[in-house]
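Here is the structure we will look at.
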Amino acid sequence: MNNSSIEPNKGRESDTLFTYLKNLSHFERTRFFNNLISSNLENAFEILLRVLYFVDDDINIGAEAAFQINKLGNKKIFEQLVQTLSTARNPQIRANAAYALGGLKDLRAVEPLINALSDYEEIVRVRSANSLAALGDKKAIEPLLKLFRECSELERNNIIDIFGELGDERAFEPILEIMKQLDDDTYFQTITILGCLNNEKAFPLLINWLNDQNVNVQIAAAKGLGYFGDSKALDYLRFIQKKYKGKSGINISLKNAVKEAIDLIELKT
2 MNNSSIEPNK GRESDTLFTY LKNLSHFERT RFFNNLISSN LENAFEILLR
52 VLYFVDDDIN IGAEAAFQIN KLGNKKIFEQ LVQTLSTARN PQIRANAAYA
102 LGGLKDLRAV EPLINALSDY EEIVRVRSAN SLAALGDKKA IEPLLKLFRE
152 CSELERNNII DIFGELGDER AFEPILEIMK QLDDDTYFQT ITILGCLNNE
202 KAFPLLINWL NDQNVNVQIA AAKGLGYFGD SKALDYLRFI QKKYKGKSGI
252 NISLKNAVKE AIDLIELKT
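Residue numbers (the numbering used here): 2 to 270.
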């Protein structure tokens, strides 16, 4: 095992634990982690923190430990995770720490995670962005917008999803500017996300897309209108619903999307 993978847990004890876990199946490791947590051992989370560093060329067991920390949201190891995020030499370990921080639901993690958006490794930036989305603090919008304008395609598509989760209108124009560059699947998804951004400019665009010749665009627009939640969309959606009522060969996903959008808007209003 590469020693840089187990900082700061160097030594025979850590090597032995890593070898033991590596020889287990994913299911067996999950059971090990569950039993560890249910045992109520005082140092259970310290053990999970140690496992966070277990990464080599073959396997990233630390990511599995990060999942357990994230899921349980224990705040006792906050400081250790922040230190790991900023100082661990292995980028996979930094990424594991970023992911774990998102589950703590501790807003003190926002600033360290924003700082990690400048990490030189993409995996760390992606995990940090996702954790900022999980924390839901709007302070992350501007740093994410900065990254959005200069990042890779993978990161950009991930951040589009995050903007949808955070629902901030500041993301509307930057997303609109790059839509023509998106692949089809991301384009369709982005149409829906525009409806989540609380920007009035999205409404006429979504109505226009609802009447597009491409059924996938129509489906995405219907979903977006549902999230937008404006009762003015009901007439347009009901027109589509009535237009295709009783007709065979109509895409069932479109019918369902229109109905769900109507139900969601009526629920909101």
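For each residue, glycine too, the CB sits at the ideal point set by N, CA and C.
Computed from a predicted structure; not experimentally measured.
Where does K246 land, buried or exposed, given buried means 16+ other C-beta within 10 angstroms?
-> Taking the sequence shown and counting its residues from 1, one reaches residue 246 at position 245. Exposed, by the Cβ-count rule.
Of the residues A221, G196, L114 and G63, which one's Cα is nearest the Cα of D138?
-> Here residue 138 refers to the residue found at position 137 of the sequence shown. Of the listed residues, the one whose Cα sits closest to D138 is L114.
Using only alpha-carbon positions, find the residue among E178, L25, T193 and F19 that is nearest to L49.
-> Along the sequence shown, one-based indexing puts residue 49 at 48. Of the listed residues, the one whose Cα sits closest to L49 is F19.
So, do the region 138-154 and the region 163-172 have three or more beta carbon pairs nearer to each other than 8 Å?
-> Touching, per the Cβ criterion.
Simplified DSSP state of N4, which is helix, strand or coil = Against the sequence shown, residue 4 aligns to sequence position 3. In this prediction, N4 has a pLDDT of 36, which is less than 50 and means its spatial position is unreliable; what the coordinates show is noted afterwards. Assignment of N4 by DSSP, reduced to helix, strand and coil, places it in the helix class.
How is N61 classed by DSSP in three states: helix, strand or coil?
-> As a first step, residue 61 must be located in the sequence shown, where it is residue number 60. N61 falls in the strand class under three-state DSSP.
From which residue to which residue does the alpha helix (DSSP H) around D213 run?
-> Locating residue 213 in the sequence shown gives position 212, where the first residue counts as 1. Looking at the DSSP string, D213 is not in any alpha helix (DSSP H), and its letter there is neither H nor E.
Rounded C-alpha distance that separates L1 from D107 = The structure shown does not extend to residue 1, since the chain is modelled only from 2 to 270, so the question has no answer here.
For T193, count neighbouring Cβ atoms within 10 angstroms of its own Cβ and tell me buried if that reaches 16, exposed if not.
-> On the sequence shown, residue 193 is found 192 positions in, with the first residue counted as 1. Under this definition T193 is a buried residue.
When you compare each of A221, K243, V216 and K269 to K233 by their alpha carbons, which one comes out closest?
-> As a first step, residue 233 is located in the sequence shown; it is residue number 232 there, counting from the start. When each option's Cα is compared against that of K233, the closest is K269.
Is it true that the CB of L22 sits closer than 8 Å to the CB of F55?
-> Sequence index remark: in the sequence shown, residue 55 carries index 54 (1-based). Sequence index remark: in the sequence shown, residue 22 carries index 21 (1-based). Contact: yes.
CB of E156 within 8 Å of CB of L167, strictly = As a first step, residue 156 is located in the sequence shown; it is residue number 155 there, counting from the start. As a first step, residue 167 is located in the sequence shown; it is residue number 166 there, counting from the start. Contact check for E156 against L167 fails: the beta carbons are separated by 8 Å or more.
Since Y100 and A67 are thought to touch, with beta carbons under 8 Å apart, how far apart are those beta carbons, to the nearest angstrom?
-> By one-based count along the sequence shown, residue 100 stands at place 99. By one-based count along the sequence shown, residue 67 stands at place 66. About 4 Å separates the Cβ atoms of Y100 and A67, confirming a contact at the 8 Å cut-off.
With contact counted as at least three CB pairs below 8 Å, one residue from each stretch, are the region 190-205 and the region 227-242 in contact?
-> Counting Cβ pairs under 8 Å, three or more are found: they touch.
CB contact flag (L238, V259, <8 Å) | Walking along the sequence shown from the start, residue 238 turns up at place 237. Walking along the sequence shown from the start, residue 259 turns up at place 258. Contact flag set, yes.
Enclosing alpha helix (DSSP H) for N97 [first to last residue] | To locate residue 97, count along the sequence shown from 1; it is residue 96. For N97, the enclosing alpha helix (DSSP H) begins and ends at P92 to G103.
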